[in-house]
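In what follows, a single structure is set out as structure tokens and then discussed.
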Amino acid sequence: MTSEMAITVQRGEVVNPAATTIPGRQKIFLYSAIARPGNSGGPIVAQDGRVIGLVVEDSAEAPSTGTGPNAAPFYRGIPSSEVIRALDELDFGGIVEMDTLP
261 MTSEMAITVQ RGEVVNPAAT TIPGRQKIFL YSAIARPGNS GGPIVAQDGR
311 VIGLVVEDSA EAPSTGTGPN AAPFYRGIPS SEVIRALDEL DFGGIVEMDT
361 LP
């Protein structure tokens, strides 16, 4: 019995490359592609294939006011630079082997 993994790709844009820092935590950015529960920790990939960050959580913020009835759902991502910095702080110097889908 074989099971195939479903791959879902959502298109979106980085809507705020330097959103406010979560107090006591790393820097974040906001993007518009839909993220679902269970996507946290997954890659955010640019059109050219670079991983630019990791999915964190959703955020109901409007670009102009931050809240209100016209607030659009944006999603939070941790920039790759922050992930690399955290790994350096933990002295993680190894290479993580990844399985690839056919």
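Take any residue in the sequence shown, note its place counting from 1, add 260, and you have its number in this note's numbering. Ideal Cβ placement from N, Cα and C applies to all residues, glycine included. Predicted model only: the values in this text are computed from it and were never measured.
Please state whether DSSP places residue i in a helix, a strand or coil.
i       : result
Ile-312 : strand
Ile-344 : helix
Glu-317 : strand
I think residue i touches residue j, with their Cβ atoms under 8 Å apart; what is that distance to the nearest whole Å?
i       : j       : result
Phe-249 : Ser-292 : The structure shown has nothing for residue 249, since the chain only spans 261 to 362.
Lys-287 : Glu-349 : About 14 Å; that fails the 8 Å criterion.
Ile-304 : Gly-337 : 5 Å
Return the residue from the list the options that minimises the CA-CA distance to residue i.
i       : options                               : result
Val-315 : Ala-295, Val-274 and Gly-309          : Ala-295
Arg-310 : Lys-287, Pro-339, Asp-348 and Pro-297 : Pro-339
Phe-289 : Val-275, Gly-298, Gln-270 and Gly-302 : Val-275
(request) Kindly provide the ranges of any alpha helix (DSSP H) runs that are 4 or more residues long and lie completely inside the stretch 286–311, ordered along the chain. (result) none
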